[in-house]
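Asker: Residue numbers (mature numbering (1 follows the signal peptide of the UniProt record, and there is no 0)): -20 to -1, 1 to 108.
C-beta: ideal position from N, C-alpha, C; glycine also.
Nothing here was measured: the structure is a model prediction, and the numbers come from that model.
Pasting a structure below so you can have a look.
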């Protein structure tokens, strides 16, 4: 009698690679740094793995911006990397304030990320 072990292992591998919906929301920052041109004009670029999910609007002259945008991705996988890049929009060159990266875990999670050039990015995501 043949063993069902290979089919069972294949089933477990498939479950581990199952795609889920990612929803990223409640993006806000606090204490973003000022520069010679004034208060930060912040925005965020959002990535899941190698996929670009989009960019928030620019919040001019606001050290504590709150973005209303929500991002969804239907092909997200647990343990994939969620990457958020926070920028200060300027006329010539946008300054990168910091990058937040986190491996996705099932469920709903709230996180704070401390930015390299000062300030904190707060966000919530759900995957399931």
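Using a Cβ-Cβ cutoff of less than 6 Å, which residues in the same chain neighbour residue 96 once the five nearest sequence positions on both sides are dropped?
Answerer: 78
Asker: Which word fits residue 70, buried or exposed, when buried means at least 16 other C-beta atoms lie within 10 angstroms of its C-beta?
Answerer: Taking a 10 Å sphere around the C-beta of residue 70, we find fewer than 16 other C-beta atoms and assign the residue as exposed.
Asker: Name the residue from 3, 43, 15 whose alpha carbon lies nearest to the alpha carbon of residue 22.
Answerer: 43
Asker: Beta strand (DSSP E) containing residue 75: first to last residue?
Answerer: 75 to 83
Asker: Could you name the residues that DSSP lists as bridge partners for residue 72?
Answerer: Note: residue 72 sits in no beta bridge, so no partner.
Asker: So residue 87 is in the beta strand (DSSP E); what residue range does that whole segment cover?
Answerer: 87 to 94
Asker: Are there 16 or more other CB atoms within 10 angstroms of the CB of residue 65, so buried, or fewer, so exposed?
Answerer: buried
Asker: How close, in whole Å, do the beta carbons of residue 90 and residue 104 come, if the pair is a contact with beta carbons under 8 Å?
Answerer: 5 Å
Asker: Should residue 88 go down as buried or exposed, given a rule of 16 or more other Cβ atoms within 10 Å for buried?
Answerer: exposed
Asker: Just to confirm my understanding: we take residue 27, look at its own chain, exclude 5 residues before and 5 after, and list those with CB closer than 7 Å. What are they?
Answerer: 33, 63
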